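Enquirer: Okay, handing you the structure first.
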Amino acid sequence: MIDDLDAARLALVARERAFGPAELLASAAGYLSLIRRLLRERAHGALGRDLLMTGARWADFAGWLHQSAGAPIAAAPYQDLAVTWARVGGNARLEAYFLGRRAQIAVDADDRPFALSLARTTSQDGLPPTMRAFLSQQQAHAYSGMGVRKIGLRLLDEADELVDGAHAHDDSGERNLIRADYVTHAYLALQRGKVLTDTGRPRAAIEALEAGMRKWPRDFYQEGSLVSARLAVAHGAVGDMEESARAALRALRIARETGAGRAMGEIAPIIPLLRAHRRKSRTVDEFFRNLDNHPPTI
Numbered sequence: 015m016i017d018d019l020d021a022a023r024l025a026l027v028a029r030e031r032a033f034g035p036a037e038l039l040a041s042a043a044g045y046l047s048l049i050r051r052l053l054r055e056r057a058h059g060a061l062g063r064d065l066l067m068t069g070a071r072w073a074d075f076a077g078w079l080h081q082s083a084g085a086p087i088a089a090a091p092y093q094d095l096a097v098t099w100a101r102v103g104g105n106a107r108l109e110a111y112f113l114g115r116r117a118q119i120a121v122d123a124d125d126r127p128f129a130l131s132l133a134r135t136t137s138q139d140g141l142p143p144t145m146r147a148f149l150s151q152q153q154a155h156a157y158s159g160m161g162v163r164k165i166g167l168r169l170l171d172e173a174d175e176l177v178d179g180a181h182a183h184d185d186s187g188e189r190n191l192i193r194a195d196y197v198t199h200a201y202l203a204l205q206r207g208k209v210l211t212d213t214g215r216p217r218a219a220i221e222a223l224e225a226g227m228r229k230w231p232r233d234f235y236q237e238g239s240l241v242s243a244r245l246a247v248a249h250g251a252v253g254d255m256e257e258s259a260r261a262a263l264r265a266l267r268i269a270r271e272t273g274a275g276r277a278m279g280e281i282a283p284i285i286p287l288l289r290a291h292r293r294k295s296r297t298v299d300e301f302f303r304n305l306d307n308h309p310p311t312i
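Residue 312 is where the sequence shown ends in the numbering used here, and the numbering goes up by one at each step.
Written out as structure tokens, the structure reads:
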């Protein structure tokens, strides 16, 4: 039963990478309902602990689907559930990772002080380097969102060093342990770009984002919408509205194709600036035509 539940989740993870989150929300909710019922009926001994760990991973996945679809507020209760089940099940490593994920959701919801509290209080003892890098970059976003650029960039430098020392695989032998092995130099370049824009260095942000994009893995195509959205904001901050509109349009098209609405929240700050350039640029006008026809996020 546990193997079947794990296999079903991993199959949906692969589908989400290929096609985006929207169509999988109902499936994740259904599996979580099943796991809750099983926990009520069989939550004792080793089976109960295994169900809690499997359920925690499912709750984290449901949280990610909502976050990826552009609904961080809806994602938060699922991530809270993942943290709780990991804690009750006695898995400190998963609990630490899920707390980092909860901090990430708080960043998306623009609740930077709460994100910092979560990321700073999460124990990093015994975590793989990529997990520690993941937690460091959540702190970086929190600090930069509160205007503390120097600390944010230092934390990202530390995260890059951790990735340099990361092993390709965790050897703990634990079933389906989440290692945050997607945290690569390209991924951290995406984070650095946002931190630099947040703290008033958009030209440096463009350089970092473009460098990361050149190394972006093809199987994370939908994340290209987020890279493009951050490029749109950075180009807008330096006054290049043509490039800003071009990047925003690319983000919008990928978001529409994949249902990954997370980028739309990142584009929001640039929309008033772009609106002031309507009828002055074909690219800007095309962006707004597409935006008007873009379906709302969940």
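We put the CB at the ideal spot given by N, CA and C, even for glycine.
Bear in mind the structure is a predicted one, so any value in this text is a computation, not a measurement.
Take the Cβ of tyrosine 196 as the centre, count every other Cβ of all protein chains shown within 10 Å, and call the residue buried at 16 or more, exposed below.
Expert: Exposed, since its Cβ has fewer than 16 Cβ neighbours within 10 Å.
Enquirer: Would you call alanine 28 buried or exposed, if buried means 16 or more other Cβ atoms sit within 10 Å of its Cβ?
Expert: Exposed.
Enquirer: Please classify glutamate 175 as buried or exposed, where buried requires at least 16 neighbouring CB atoms within 10 angstroms.
Expert: Glutamate 175 comes out exposed.
Enquirer: Does the stretch 52–65 come within contact of the stretch 266–277, defined as at least 3 CB pairs closer than 8 Å?
Expert: Short answer: they don't touch.
Enquirer: Thinking just about the alpha-carbon of each residue, which of Asp171, Arg260, Asp306, Gly273 is nearest to the one in valine 298?
Expert: Among Asp171, Arg260, Asp306, Gly273, the Cα nearest to that of valine 298 is on Arg260.
Enquirer: What first and last residue would you give for the alpha helix (DSSP H) that runs through asparagine 304?
Expert: Here the alpha helix (DSSP H) through asparagine 304 covers 296–306.
Enquirer: Taking three-plus beta-carbon pairs below 8 Å as touching, is the stretch 113–120 in contact with the stretch 76–91?
Expert: The stretch 113–120 is in contact with the stretch 76–91.
Enquirer: Closest to aspartate 20 by CA distance: which of Ala42, Glu256, Arg134, Gly77 is it?
Expert: The shortest C-alpha separation from aspartate 20 is found at Ala42.
Enquirer: With respect to the alpha helix (DSSP H) encompassing glutamate 175, which residues constitute its N-terminal and C-terminal limits?
Expert: Note, glutamate 175: alpha helix (DSSP H), 163–178.
Enquirer: How long is the line joining the alpha carbons of aspartate 74 and leucine 141, rounded to whole angstroms?
Expert: Those two C-alpha atoms are separated by around 18 Å.
Enquirer: To the nearest whole angstrom, what separates the beta carbons of alanine 173 and alanine 147, a pair I think is in contact under 8 Å?
Expert: Yes, they are in contact, since the Cβ atoms of alanine 173 and alanine 147 sit about 4 Å apart, within 8 Å.
Enquirer: In this structure, how does DSSP classify glycine 44 when only helix, strand and coil are distinguished?
Expert: Note: glycine 44 maps to helix in three-state DSSP.
Enquirer: Sorted by chain position, which residues of the same chain lie with C-beta nearer than 6 Å to glycine 187's C-beta, five sequence neighbours on each side aside?
Expert: Because the pLDDT at glycine 187 is just 38, under 50, the model does not fix this residue reliably, and the value given afterwards should be weighed accordingly. Counting only Cβ-Cβ distances below 6 Å, and skipping sequence neighbours, we find nothing.
Enquirer: How long is the line joining the alpha carbons of leucine 132 and glycine 253, rounded to whole angstroms?
Expert: Leucine 132 and glycine 253: Cα-Cα distance of roughly 35 Å.
Enquirer: Helix, strand or coil: how does DSSP classify valine 209 here?
Expert: Three-state result, valine 209: helix.
Enquirer: In chain order, which alpha helix (DSSP H) runs of at least 4 residues are fully inside the stretch 228–267?
Expert: You should have 238–251.
Enquirer: I believe alanine 36 touches glycine 273 by the beta-carbon criterion, under 8 Å. Please report the beta-carbon distance rounded to the nearest angstrom.
Expert: Going by Cβ atoms, the distance from alanine 36 to glycine 273 rounds to 3 Å, so yes, they are a contact pair.
Enquirer: I'd like to check one pair, leucine 149 with tryptophan 99: are the Cβ atoms closer than 9 Å?
Expert: Taking 9 Å as the Cβ cut-off, tryptophan 99 and leucine 149 do not qualify as a contacting pair.
Enquirer: With a cut-off of 8 Å on the beta carbons, I'd call isoleucine 347 and glycine 238 a contact; round off their distance for me.
Expert: This structure does not reach residue 347, given that the chain is present from 15 up to 312, and the question cannot be answered.
Enquirer: Under a Cβ-count criterion, where at least 16 other Cβ atoms within 10 Å of its own Cβ denotes burial, should proline 91 be classed as buried or exposed?
Expert: Proline 91 should be labelled exposed.
Enquirer: Secondary structure at histidine 199, three-state DSSP: helix, strand or coil?
Expert: Histidine 199 falls in the helix class under three-state DSSP.
Enquirer: Mind checking whether arginine 134 and glutamine 151 have CB atoms under 9 Å apart?
Expert: Contact: no.
Enquirer: Provide the residue span of the alpha helix (DSSP H) that contains leucine 141, from first to last.
Expert: Run containing leucine 141: none; DSSP gives neither H nor E here.
Enquirer: So the alpha helix (DSSP H) aspartate 125 belongs to, where does it begin and stop?
Expert: Segment: none, aspartate 125 is in no alpha helix (DSSP H) and carries neither H nor E.
Enquirer: Give me, in chain order, the residues of the same chain whose beta-carbon lies closer than 6 Å to that of arginine 189; leave out the 5 immediate sequence neighbours on both sides.
Expert: Its pLDDT being 38, under 50, arginine 189 is placed unreliably by the model, and the measurement read from it follows with that caveat. Closer than 6 Å at Cβ, skipping near neighbours: no residue.
Enquirer: Find the nearest neighbour of alanine 156 within the set Asn307, Ser137, Pro127, Pro143, judged by alpha-carbon distance.
Expert: Nearest option by C-alpha distance: Pro127.
Enquirer: Could you tell me which of Asn105, Thr198, Leu38 sits nearest to tryptophan 230, measuring between CA atoms?
Expert: Closest by alpha carbon: Thr198.
Enquirer: Can you round the beta-carbon distance between arginine 244 and glycine 207 to whole angstroms, since I take them to be within the 8 Å contact cut?
Expert: Between glycine 207 and arginine 244 the Cβ distance is about 5 Å, and since that is below 8 Å, they are a contact.
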